[in-house]
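Protein chains in written order, with the working numbering: chain A, 1 to 254; chain B, 1001 to 1595; chain C, 2001 to 2132. Following: one structure in structure tokens, then a few remarks.
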Amino acid sequence: MPHMSDIQKVIEIEVLRYNPETDKAPSSQVFEVPFTDDMSVLQGVQYIKDYLDGSLSFRWSCRMAICGSCGMMINGVPHLSCETFLRDYYPARVRVEALNHFPIERDLVINMEGFINKLESIQPYIIPKEPRTLAQGEYLQTPEQLNLYEQFSSCINCMLCYAACPQFGLNPDFIGPAATALLHRYNVDSRDGGKEERMDLVRSEEGVFHCTAVGYCSEVCPKHVDPANAVNQNKTNAAVDYFLRFVSPKGGAK
Amino acid sequence: METYKADVVIIGGGGAGLRAAIAVAELDPSLRIALVSKVYPMRSHTVAAEGGSAGVKLPTDKLDYHFNDTVAGGDWLCEQDVVEYFVAQCPVELTQMEHWGCPWSRTPDGHVNVRAFGGMKIERTWFAADKTGFHMLHTLFQTSIKYPSIKRFDEHFCVDLVVADGRVQGAVTIEIASGELTLIEARAAVIATGGAGRVFRENTNGGVVTGDGMALAYRHGVPLRDMEFVQYHPTCMPGTGLLFTEACRGEGGFLVNKDGYRYLQDYGLGPAEPTPRNKAMELGPRDRLSQAFWYEQQKGRTIDGPHGSVVHLDLRHLGEAKLRERLPQIYELAEQFLGVDPALAPIPVRPAVHYTMGGIMVDGLCASPLPGLYAAGECSSVGIHGANRLGSNSLSELCVFGKRAGEEAANFAKSVPPGHSAELLKQAQAVEQRVLGMVKKTGGNERIATLRKEMAQTMEDGCGIYRLADTMQKTCDKLDELKQRFKNVHIEDKSSVWNTEWLLAIELEYQLDVAQAMAYSALNRRESRGAHQRLDGFEARDDVNFLKHSQAHYVADGAPRIDYGPVKITKSQPGTRAYGAAGEKAEQERNASHV
Amino acid sequence: MSKRRPYVRPMDGWWRKNPYFVEYMIHEGTAFFVAAYAAVLLVGLVRLSQGEAAWNGWLHSLTSPWYVLFHLAALLAITYHTYTWFKIMPRTMPPVVVGGERLPAWAITGTGLAVAAAAGIGLLAFVWGMAR
Chain A
1 MPHMSDIQKV IEIEVLRYNP ETDKAPSSQV FEVPFTDDMS VLQGVQYIKD YLDGSLSFRW
61 SCRMAICGSC GMMINGVPHL SCETFLRDYY PARVRVEALN HFPIERDLVI NMEGFINKLE
121 SIQPYIIPKE PRTLAQGEYL QTPEQLNLYE QFSSCINCML CYAACPQFGL NPDFIGPAAT
181 ALLHRYNVDS RDGGKEERMD LVRSEEGVFH CTAVGYCSEV CPKHVDPANA VNQNKTNAAV
241 DYFLRFVSPK GGAK
Chain B
1001 METYKADVVI IGGGGAGLRA AIAVAELDPS LRIALVSKVY PMRSHTVAAE GGSAGVKLPT
1061 DKLDYHFNDT VAGGDWLCEQ DVVEYFVAQC PVELTQMEHW GCPWSRTPDG HVNVRAFGGM
1121 KIERTWFAAD KTGFHMLHTL FQTSIKYPSI KRFDEHFCVD LVVADGRVQG AVTIEIASGE
1181 LTLIEARAAV IATGGAGRVF RENTNGGVVT GDGMALAYRH GVPLRDMEFV QYHPTCMPGT
1241 GLLFTEACRG EGGFLVNKDG YRYLQDYGLG PAEPTPRNKA MELGPRDRLS QAFWYEQQKG
1301 RTIDGPHGSV VHLDLRHLGE AKLRERLPQI YELAEQFLGV DPALAPIPVR PAVHYTMGGI
1361 MVDGLCASPL PGLYAAGECS SVGIHGANRL GSNSLSELCV FGKRAGEEAA NFAKSVPPGH
1421 SAELLKQAQA VEQRVLGMVK KTGGNERIAT LRKEMAQTME DGCGIYRLAD TMQKTCDKLD
1481 ELKQRFKNVH IEDKSSVWNT EWLLAIELEY QLDVAQAMAY SALNRRESRG AHQRLDGFEA
1541 RDDVNFLKHS QAHYVADGAP RIDYGPVKIT KSQPGTRAYG AAGEKAEQER NASHV
Chain C
2001 MSKRRPYVRP MDGWWRKNPY FVEYMIHEGT AFFVAAYAAV LLVGLVRLSQ GEAAWNGWLH
2061 SLTSPWYVLF HLAALLAITY HTYTWFKIMP RTMPPVVVGG ERLPAWAITG TGLAVAAAAG
2121 IGLLAFVWGM AR
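In structure tokens, the structure reads:
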């Protein structure tokens, strides 16, 4: 709760608005928002919706940087708005826009259907190397084996990395950082035997060779997933796979 | 209006809904499943669960121990036959999660590791660092992609169930992106929409946790059971209410007051020992810990902060390396949101609303009294949490009862014929008229945010950690008033695409119904049990009059009607609920008397 | 009829909008100097094959102020390219585990830069030794 008793600080929030039913193109609108030092940009945007303009649309839920809903461009940089604080911009104006490189449905809401299709295309589930019944109990997996993929399994699908990837912006078909990180997560899981099936996508037209190692995706990742690493490891994997096919007719994936 | 013909419709795409969908798909791949979620499934609030998921694992543990902890933790308001089924299924389902790829934390030899949790006699909480819910949700979501019979309706908001011939035959949804409505025909429905913690002011819950499914069932005559039992989690961030997992204490964290004193020893939870002892001190159950905070506050032994009184969660003695390994998310939350390095300074915490023990009344097969309607997860009251849930039981519940609800719904769907499409469409069109009317209506003057704030405040005032008849009555009156004022609500946004103001209004209406069920159930329970504690002459548990479930029945335009149902007791007679040294003594006496 | 009309923002001038992208473009731009320097060496090789006169002519042309300027610029650009190349290197490799611990990014970058510096100095010493 803001303490109104102290001298109330007010910050200007500039929001990129777009209503497909009335606007030809997006345009900016500035709101004056009273704030306290512990308020996030998300809370600032919520204040606008609650008290200044009920028609402002944006996604949010958990408020604690784990649900992945509230990614926005904040002063041109992709951030989760729930863990970005207004105090870090004050007294200057802060500019809030929908995530770059995605079509805008309305205001701060992007169309993420393309991302979901990519996620579905990578077979993001265990294809067992050795099937096991429940009665046989769990697969054994050492902490070292877990460590190989755990980082890539931490992706919250917030898509900040896509907003940071100019190659995705230039070619929306590129499978992109997060989906590749998740693909890699399953490929290097000791329980999984589906690498060969996933490699077709890795080396395909939409695959990893779109990446030019800008590396900004990993910079903006709020969960230290390092998707650039997954993409670039798979360039090597695809290349090895390519050359091994001259040695063995089945290629290098096994 | 578009129509989609399914066999089973599942409303809610969190842990329970996804598990239910997979269960239907595995049981019979020919059944068409519609999985409706108002957010993309991986945004569901399961994602925020941190500490872990309970299931007997160690050779020293027994299903009976898990049963006893759960029933006593719930202050004997549990359905004991259901708890027995639950504890037996937990290890099976958690192993299933392992086979699906959940990155459980491991012991050096590669087995799944377990940690201590509040109210649990033996370490049995499976965990994936401190992001267990996140990993379980993403594992379930990604696994669900494997099944072609699951048709997802992502970002579709359910506005009503369609009931015909005395059974559920579908659901009506708004596609949020277009604002257009869809009728989903189905021969059975599973509600898995999660809790309703957002009706309270300070809570750990995400914005989506608005009790939608509870209200949907309730309005169709299904009772909401045990709604007065609302869990306060003892260690939350002041102001925002964000959660610091119980695993902080499971790993050995201390709770201290302004004098640096581990005050829990003053509330029957001692003795205070340097390392955690199960079911004692910081590893006591959540209701007791939150209540102890309240008393410390009364005694003036808490610390004043900008968002009210706090105590300190002290993790410093665990060291940075262990904190980074076991509690990485907690570490970052403390640093980013509070500017506190938990390896160097204690974290200020206070209780906040966390979980609704009650919900849609269902039997052990997840079936509600309305034929064809099933429920699982936090929105349901299947009877395992009683008056107080033990931490880490609810993630297991999602799996165990998500699966069961899915299978039961599938079997029901196969046993009944499809409905009459024309009649169902007629009903759906009436729903469409009603919900579109909310947007078209002009002349209202009540702001959604104002009503929501007043609701949240009155719930905190009347239905907090300790309760009094007169403040509960005020809350009931206030909610009646808010429901009247809601009729005059004003929606500024008249557009169709992504009109979230419209959805907020519908959610608020759901919340007001659920809040009423909570407040009236609380007012009527004239005893203290678990999370429902009174200070107005009903401080003791009253097994003679209140060892029974409350059932709130919806009354259109009026106060809910409250009645009571029996509690199933099989092998654990109600006893004294004691923790710490007192608890161990009581257990020895019980064991001796059984010989 | 759906009222959805998703708006696609243009990508024009994308690289000017973020300092990170500007740095990336400079990094990519410096690759030109790597190629150009290789071309210069290649010409020298061709000249060498054409006899002593041609070779001396090539050597002489290198002493022109323009060529000296080009070489200074190339040195700067390639140094920058080397630095940014090793900076991104940890992101492109599988994890390197030493003694059960994962090698941190700075160690990989540092090793790369150290090896590059050592190779550069080594080559310089070798050429200087030959010339003496």
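Ideal placement from N, C-alpha and C gives every residue a C-beta, glycine not left out. Note that the structure is a prediction, hence the values are computed from the model and not measured.
Interface residues of chain B facing residue i [CB-CB closer than 7 Å]
i	result
C/Ser2002	Ser1178 and Glu1180
A/Met73	Chain B residues near A/Met73: none, gap ~18 Å exceeds 7 Å.
Within 7 Å, strictly: CB atoms of residue i and residue j
i	j	result
B/Ala1016	B/Gly1377	yes
B/Asp1069	B/Gly1133	no
B/Glu1228	B/Ala1522	yes
B/Ala1006	B/Ala1025	no
A/Cys67	A/Leu80	no
A/Glu206	A/Asp241	no
B/Thr1570	B/Asp1081	yes
B/Ile1191	B/Ala1345	no
B/Trp1126	B/Ser1053	yes
B/Pro1574	B/Asp1543	yes
B/Arg1389	B/Met1357	yes
A/Glu12	A/Arg93	yes
B/Ala1409	B/Val1008	yes
Nearest-angstrom beta carbon gap, residue j and residue i [assumed within contact, 8 Å]
i	j	result
B/Thr1458	B/Leu1479	7 Å
B/Phe1293	B/Pro1234	6 Å
A/Ala230	A/His184	4 Å
B/Ala1428	B/Val1172	5 Å
B/Cys1379	B/Met1097	With 8 Å as the limit, B/Cys1379 and B/Met1097 do not qualify as a contact, their Cβ atoms being about 21 Å apart.
C/Ala1970	C/Phe2032	No answer is possible for residue 1970 of chain C: the residues shown for chain C start at 2001 and end at 2132.
C/Lys2003	A/Glu21	5 Å
B/Arg1286	B/Gln1231	6 Å
DSSP state of residue i mapped onto helix, strand, coil
i	result
B/Leu1183	strand
B/His1156	strand
B/His1354	strand
A/Lys118	helix
B/Trp1126	strand
B/Lys1426	helix
B/Tyr1564	strand
C/Leu2105	Note that residue 2105 of chain C is Ala in the sequence shown here, rather than Leu. It is helical.
B/Ser1037	strand
B/Lys1131	coil
A/Thr212	coil
A/His3	Confidence at A/His3 is low in this model, with a pLDDT of 48, below 50, so its placement is unreliable and the value that follows should be read with caution. A/His3: coil per DSSP, three-state reduction.
A/Gly251	With a pLDDT of 49 at A/Gly251, under the threshold of 50, the modelled position of this residue cannot be trusted; read the value that follows with caution. DSSP places A/Gly251 in coil when its eight states are reduced to three.
B/Thr1173	strand
B/Glu1026	helix
Under 7 Å by beta carbon: chain A residues contacting residue i
i	result
C/Val2008	Pro103
Proximal chain C residues relative to residue i, where beta-carbon distance stays under 8 Å
i	result
A/Tyr216	Asn2018, Tyr2020, Phe2021 and Tyr2024
A/Pro131	Simply none; closest approach about 28 Å.
B/Ser1053	Correct list: empty, because the minimum Cβ distance to chain C is about 28 Å.
A/Ala25	Tyr2007
Partners in chain C for residue i, counting only beta-carbon separations shorter than 7 Å
i	result
A/Asp226	Arg2091
A/Glu197	Within 7 Å Cβ-Cβ: nothing; A/Glu197 doesn't reach chain C, min ~21 Å.
Proximal chain A residues relative to residue i, where beta-carbon distance stays under 8 Å
i	result
B/Lys1131	Ile66 and Ser154
Any C-beta of chain E under 7 Å from that of residue i
i	result
C/Met2011	Looking at the structure shown, chain E is missing, and the protein chains on hand are A, B and C.
Contact set between residue i and chain B, taken where Cβ atoms lie within less than 8 Å
i	result
A/Leu134	Val1092, Thr1095, Gln1096 and His1099
Under 9 Å from the C-beta of residue i: neighbouring residues of chain C
i	result
A/Gly76	Lys2017 and Asn2018
Does the count of Cβ pairs from the region 92–108 of chain A and the region 48–59 of chain A closer than 8 Å reach three?
-> Note that the region 92–108 of chain A touches the region 48–59 of chain A; at least 3 beta-carbon pairs, one per stretch, sit closer than 8 Å.
Touching by the beta-carbon criterion (3+ pairs, under 8 Å), the region 1346–1365 of chain B and the region 1174–1185 of chain B = No, because fewer than three Cβ pairs between the region 1346–1365 of chain B and the region 1174–1185 of chain B fall closer than 8 Å, the two stretches do not touch.
Check whether the region 1300–1313 of chain B touches the region 1248–1264 of chain B, taking contact to mean three or more Cβ pairs, one atom from each stretch, closer than 8 Å.
-> When Cβ pairs closer than 8 Å are counted between the two stretches, the region 1300–1313 of chain B is seen to touch the region 1248–1264 of chain B, the count reaching three or more.
Contact between the region 1207–1218 of chain B and the region 1261–1273 of chain B (3+ Cβ pairs under 8 Å) = Touching, no, given that fewer than three Cβ pairs across the two stretches are closer than 8 Å.
Can we say the region 2019–2027 of chain C touches the region 213–232 of chain A, given the rule of at least three CB pairs closer than 8 Å?
-> Touching, yes, given that three or more Cβ pairs across the two stretches are closer than 8 Å.
For the region 1091–1106 of chain B against the region 29–40 of chain A, are there 3 or more C-beta pairs whose distance is under 8 Å?
-> No: fewer than three Cβ pairs fall under 8 Å.
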